[in-house]
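Participant:
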Amino acid sequence: PFGDLFSKMDQDSSGGIEDAELRAGLARLGWYEHLDEIWYELDKDKSGDVTFAEFVDRLNAEMQAQHEGRYLSLVVSQLVTFLSNLFDNSLVYEQAAGALRNLCVQNADAVDEVIEEGAVPALMDLMQSTAIEVKEQANGALRQLAQQWCCQQVARLGSDQLDSERVAAAKMLRQLAAVNAEHRKTVVESGAVEPLVALMQSASPACLEHAMAALTNIMFKSTEHEKIVVQAGAVPSMVRGLLSKVKAVQVGAMRATKLCIQGDPISQRKVVDAGGIDLLVAVLKSDTESLHQKAIGMLLTLANAQEYRKQVLKAGLQQALLEISTAGEDEAIRRCAEDAMEILEPTQQQQE
4 PFGDLFSKMD QDSSGGIEDA ELRAGLARLG WYEHLDEIWY ELDKDKSGDV
54 TFAEFVDRLN AEMQAQHEGR YLSLVVSQLV TFLSNLFDNS LVYEQAAGAL
104 RNLCVQNADA VDEVIEEGAV PALMDLMQST AIEVKEQANG ALRQLAQQWC
154 CQQVARLGSD QLDSERVAAA KMLRQLAAVN AEHRKTVVES GAVEPLVALM
204 QSASPACLEH AMAALTNIMF KSTEHEKIVV QAGAVPSMVR GLLSKVKAVQ
254 VGAMRATKLC IQGDPISQRK VVDAGGIDLL VAVLKSDTES LHQKAIGMLL
304 TLANAQEYRK QVLKAGLQQA LLEISTAGED EAIRRCAEDA MEILEPTQQQ
354 QE
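Here our numbering is used: the first residue of the sequence shown is 4, the next is one more, and so on.
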């Protein structure tokens, strides 16, 4: 395996790797430590170039020393351990994902079979790998499968399905939308937004949690997708979750509402029209202290907009901040409340 690694690092196929190539190659694998010392150990003749034989022999010698319960160089030994663990999994994963990608190119039957065997969730897991080669192959395979797989998940979101099926589908779409912008677009193009919005209206907290999380991931860093989600009527259900007694739902609602408040004016207006200001102040008055700082930030954002300033103040924000600043248990949150009161003071005086 060390020989394969050398070949990948030798980008110009010169038969030797330079310091920059070694650093770049190890970084692709997720290793960033003791690079100067490792180069010193590998480049023993100080030629500025490590040959195939030097590289492989040195790492094999360190591996042999490990088998004998010792080490020749601690940092090289640590690197060999890291690479050995990586080779046990990453090369296999890379090859498997690459094989799936190649199998599915212009092969509809193979796509059906690979999806049926449950490959997509496994490929999404591989997208979390620290090895760049694994991620590249997994992403390539996902490109071949995602559109059809998404359409299948959307079908599972139908109101005629059991809640357990709908939750499972929402979880899958949530995970794919978290991978990257390319796959968020695929989720949107599969028609997932409206069924996910409908799912949020279910009485089941699990339905609300995972549908809302999927929509939040879809909106992430995309004004276009945010508009699609907002126009589909998602905001009232998101805002409704702000006072949920289910922690996962409440945390998800805070994240979704924050994206809308920080988004375009239409998204802000939807939050306000859905009662978001009063609900955020209610969050501040609740004992969910871990959410207070985020709620303060959102309310200050709204107060900064002339059209909502009076409404924010009338909702009792100042009083809620005063109570937190004097009785809050967390010092950082107390300071945040005090800072917010100072920011709002000129605004309060103007209103009076």
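We put the CB at the ideal spot given by N, CA and C, even for glycine.
Note that the structure is a prediction, hence the values are computed from the model and not measured.
1. In angstroms with no decimal places, state the Cα-to-Cα distance between Gly-33 and Ala-134.
2. In terms of residue numbering, what span does the alpha helix (DSSP H) encompassing Phe-5 cover?
3. Looking only at its chain, what residues have a beta carbon closer than 8 Å to the beta carbon of Glu-355, apart from the 5 residues adjacent to it on each side?
4. Using a threshold of 9 Å, state whether the C-beta atoms of Ala-298 and Met-257 are closer than that.
5. Below 8 Å CB to CB, which residues in the same chain sit around Asn-63 once its five sequence neighbours on both sides are set aside?
6. Below 8 Å on the Cβ atoms is my guess for Lys-273 versus Met-301; work out the distance and round it to an integer in Å.
7. Leaving aside the five residues before and after Ala-181 along the sequence, list all residues of the same chain whose C-beta is less than 6 Å from its C-beta, in chain order.
8. What do you reckon, are the CB atoms on Leu-316 and Leu-347 nearer than 9 Å?
9. Could you tell me whether the segment 72–87 touches the segment 111–126, using the rule of 3 or more Cβ pairs below 8 Å?
10. List the endpoints of the continuous alpha helix (DSSP H) containing Leu-287.
11. Hey, how far is the Cα of Leu-1 from the Cα of Ser-207?
12. Quick one, are the C-beta atoms of Ala-100 and Ala-144 less than 9 Å apart?
13. So what does DSSP say about Gly-19, is it helix, strand or coil?
14. In whole angstroms, give me the CA-to-CA distance for Val-78 and Tyr-43.
15. For Leu-103, which option in Ala-68, Asn-142, Leu-283 has the closest C-alpha, if you only look at C-alpha atoms?
16. Output the distance between the C-alpha atoms of Gln-265 and Met-222, rounded to the nearest integer angstrom.
17. On the DSSP bridge list, what partners appear for Thr-54?
18. Just mark Tyr-35 as buried or exposed, buried being the case when its beta carbon has 16 or more other beta carbons within 10 Å.
19. Could you pull out every residue in the same chain whose Cβ sits closer than 6 Å to the Cβ of Arg-31, ignoring the five residues on either side in sequence?
20. Kindly indicate which three-state DSSP category Lys-138 falls into: helix, strand or coil?
21. In whole angstroms, what separates the C-alpha of Lys-174 from that of Ala-237?
22. Curious, which full-length beta strand (DSSP E) runs of at least 3 residues does the segment 189–239 contain?
23. Smallest Cα separation from Ala-343: which of Leu-325, Glu-332, Asp-333?
24. Look at the Cβ atom of Met-203, then the Cβ atom of Ala-214, and state whether they are nearer than 9 Å.
25. Roughly how many whole angstroms lie between the Cα atoms of Leu-8 and Glu-334?
26. Within this structure, are the beta carbons of Ala-285 and Leu-320 separated by less than 9 Å?
27. Please name the residue in Pro-239, Leu-199, His-295 whose C-alpha comes closest to that of Glu-341.
Facilitator: Well, looking at it:
1. 6 Å
2. 5–12
3. Any reading at Glu-355 must be qualified, since the residue scores a pLDDT of 48, below 50, and its modelled position is unreliable; the value itself is stated next. The answer is none, since no qualifying residue turns up.
4. yes
5. Phe-5
6. Actually they are not in contact, since the Cβ atoms of Lys-273 and Met-301 sit about 14 Å apart, beyond 8 Å.
7. Asn-220
8. yes
9. no
10. 279–288
11. For the chain, the structure presents residues 4 to 355; residue 1 sits outside this window and is missing.
12. yes
13. strand
14. 11 Å
15. Asn-142
16. 12 Å
17. Gly-19
18. exposed
19. Ile-135
20. helix
21. 17 Å
22. none
23. Leu-325
24. yes
25. 51 Å
26. no
27. His-295
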